[in-house]
Amino acid sequence: MEVSRHWRLKHQRYALQGEICPHCEKKIFPPRDLCPHCGEDARTTYNFGGRGKVYSYTKVVQAPAGFEEQAPYTVALVRLDEGPMITAQLTDIQDEDVEIGMPVEMVTRRLASDGDRGVLLYGYKFRPLMPAVS
Amino acid sequence: MKMPMKPLPNDIMILGVGMTPVGEHWDRSLRDLALEAIQNARRAAPGIQPQVLYTANMLAPCLSQQTQLATLIADFAALQGIEAMTVEAAGASGGLAFRQAVLALASGQMDTALVVGVEKFSERVTSDVEAALATAGDGDYEAIHGLTNTAQAALLMQRYLHDNHAPADALAGFPLIAHENGAHNPLAMFQRAIPEGRYQKAAMLCTPLNMFDAAPQADGAAAILLARSDAVADEMNLPRVRVRASAASTDALAVHDRPDPLSFTAAATATSQALQQAGLKLDDVDFFELHDRFSIFAALSLEAAGFAPHGEGWKLAQNGAVKADGSIPICTMGGSKARGDAGGAAGLYQLVETVLQLQGLAGEAQLPHAQIGMAQCLGGAASTAVTHILERVK
């Protein structure tokens, strides 16, 4: 069990909280304090909107320990609308629906179970973008 | 400011090499396997006492509950008192451990050095091994989403096929060629060619990556004894092989943090630095032991090195350029795909095989013209890349 490790990441896991570089204005996720684009200090908090497009995806059948009960599951690289790319699972999908370029949005779901005590970890996954309600 | 690489001293020589077959060695431990490789490597130069032992390993702390592995192996190999350390950079551990020996010799602090890579996967069930392997990625932002090594490679492969309008079996040539070459290596895990059409029907591991696109990971050990030749009597009857260049580079650990995930930037940097250090051009390289842990890695490594333009590495397998009789042979003794991938030891297997080719001792797998060989191993999806160039001394 790694309680503090997961607690520490709550703003990222639940709210996609990253940073914006005050120097070059690039958006950064995950937060890394030094801007990977210009190398300057970047500690200004920025909350991402949670929408993006699928850059690539695959289906995992042989799951690692902690993920067996979810298998098979689809994991993707998602390019967020604000620029950065992140790794996350896709959810609420049928296999045949997924394609490169598909618009997706963030939802909060169970990521894994942590250890014998069965602590549940929650965080971001992405589902197909729901049509706007008019 | 980028500093040019300084040339290596021209007398960093390979004295001996050794390896075990890669396989499921249920009856053997980390120390047994390492000892066998070390004894084989030392046999060619029995009078040489190494001054330092570098041990390459990736997963002993996770899978065997063993740290201080280098000390354990030094002790078990009757090298008591020797300086020893473990080098870990996932799949690049072997190359990076060898590089530590090269640096120690180049510095003049050491006259002789021993490198051994050892890995033991078969202690645990598959889900534990997958979880341990996933620690090579970003724990907080990749592994926690269930991303395995295989899934990471599959994400790259999916996008690669899409961007380059390549057919579903575009990468089939890589495992086919590896198995063809492995058929000539008596130590290879798979010594049989893949029958025509089998790739296209293979079971998927992570779509679109099938079982032939992934190297089997199993137990094994490989070792190399090095020395400054001015420090040891020149009593070897074998053709002499020297280290011409050694370079290493890193990229963002997480694939999602790279500007272009389909560019193996660390591999490109390590290769260009090695070539610059050696004063060689890519054309001078007779063969390339690249890291084919996944077939997509082979394509991206060829592109990073400059053997193919961006997006066209797969064509070198399709047109046969990377076959044993092609313009730039790869994985000449089967690579990770057919020889078997021994994790942190993989980079040392590559270097041992490079030495055997240069010495003319590769048996049935021997290339006709092997003067200069390049070996490159990768940690994760090229988060770490280590490139060495070895040369047969005339």
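These protein sequence lines are chains U and A, in that order. Following my numbering, the numbering of the first sequence begins with 228 at its first residue and continues without gaps. Following my numbering, the numbering of the second sequence begins with 1041 at its first residue and continues without gaps. C-beta atoms are modelled at their ideal positions from N, C-alpha and C, and glycine is treated no differently. The model shown is predicted, which means the values in this text are computed figures rather than measured ones.
Asked, Found
"Classify residue 1324 of chain A as helix, strand or coil using the three-state DSSP reduction.", "helix"
"For a contact meaning CB atoms closer than 8 Å, what does residue 312 of chain U contact in chain A?", "1296, 1297 and 1301"
"Do three or more CB pairs link the region 1168–1181 of chain A to the region 1403–1410 of chain A at distances below 8 Å?", "no"
"Using a Cβ cut-off of 8 Å, pull out every chain A residue sitting near residue 295 of chain U, in sequence order please.", "1167"
"Can you list the residues of chain U that residue 1199 of chain A reaches, using a CB-CB cut of under 8 Å?", "282, 283, 304 and 327"
"Report yes if the CB atom of residue 354 of chain U is closer than 7 Å to the CB atom of residue 325 of chain U, and no otherwise.", "no"
"Taking a Cβ distance cut-off of 7 Å, strictly less, list which residues of the region 1366–1381 of chain A are near chain U, in chain order.", "none"
"What are the start and end residues of each continuous alpha helix (DSSP H) run of 4 or more residues lying completely inside the region 1243–1318 of chain A, in chain order?", "1305–1318"
"With DSSP as the reference, please indicate the residues paired to residue 268 of chain U in a beta bridge.", "U:261"
"In chain U, what lies closer than 7 Å to residue 1054 of chain A by C-beta?", "Correct list: empty, because the minimum Cβ distance to chain U is about 38 Å."
"With DSSP collapsed to three states, give me the class of residue 278 of chain U.", "strand"
"Could you give the C-beta distance for residue 245 of chain U and residue 256 of chain U, rounded to a whole number, given that I count them as a contact under 8 Å?", "3 Å"
"Curious, which full-length beta strand (DSSP E) runs of at least 3 residues does the region 1395–1433 of chain A contain?", "1412–1419 and 1424–1432"
"Taking C-alpha atoms, which residue in A:1218, A:1239 and A:1238 lies nearest to residue 1229 of chain A?", "A:1218"
"Using a Cβ-Cβ cut-off of 7 Å, state whether residue 253 of chain U counts as contacting chain A.", "no"
"To the nearest angstrom, report how far apart residue 1134 of chain A and residue 1103 of chain A are at their CA atoms.", "18 Å"
"Does residue 1102 of chain A have its Cβ less than 7 Å from a Cβ in chain U?", "no"
"Nearest chain A C-beta to residue 286 of chain U closer than 7 Å, yes or no?", "yes"
"To the nearest angstrom, how far is the alpha carbon of residue 1267 of chain A from that of residue 1181 of chain A?", "42 Å"
"Which word fits residue 992 of chain A, buried or exposed, when buried means at least 16 other C-beta atoms lie within 10 angstroms of its C-beta?", "Not covered by the structure: residue 992 of chain A. The range shown for chain A is 1041 to 1434."
"Hey, could you find the ends of the beta strand (DSSP E) residue 355 of chain U is sitting in?", "346–355"
"Using a cut-off of 8 Å between C-beta atoms, extract the partners of residue 1188 of chain A located in chain U.", "287, 289, 290 and 291"
"Show which residues of chain A have a CB atom less than 8 Å away from the CB atom of residue 316 of chain U.", "1185 and 1186"
"Anything in the region 1246–1261 of chain A with a Cβ closer than 9 Å to a Cβ of chain U? List those residues in chain order, please.", "1246, 1247, 1248 and 1249"
"For a contact defined as C-beta to C-beta under 7 Å, what are the partners of residue 249 of chain U on chain C?", "The structure shown contains no chain C; its protein chains are U and A."
"Tell me which residues share the same chain as residue 1191 of chain A and place their Cβ nearer than 7 Å to its Cβ, disregarding the 5 neighbours each side in the sequence.", "1246"
"With a cut-off of 8 Å on the beta carbons, I'd call residue 1096 of chain A and residue 1385 of chain A a contact; round off their distance for me.", "6 Å"
"Using 8 Å for Cβ pairs, my map puts residue 1418 of chain A next to residue 1302 of chain A. What's the rounded Cβ distance?", "Not confirmed; about 14 Å, so no contact."
"In this structure, does DSSP put residue 1341 of chain A in helix, strand or coil?", "helix"
"Closest Cβ-Cβ distance between residue 338 of chain U and chain A: below 7 Å?", "yes"
"In chain A, which residues lie less than 7 Å from residue 236 of chain U when you measure between Cβ atoms?", "1180"
"Classify residue 1377 of chain A: buried if its beta carbon has 16 or more other beta carbons within 10 angstroms, exposed otherwise.", "buried"
"Could you please tell me which residues of the region 1130–1154 of chain A, in chain order, have their CB closer than 9 Å to any CB of chain U?", "none"
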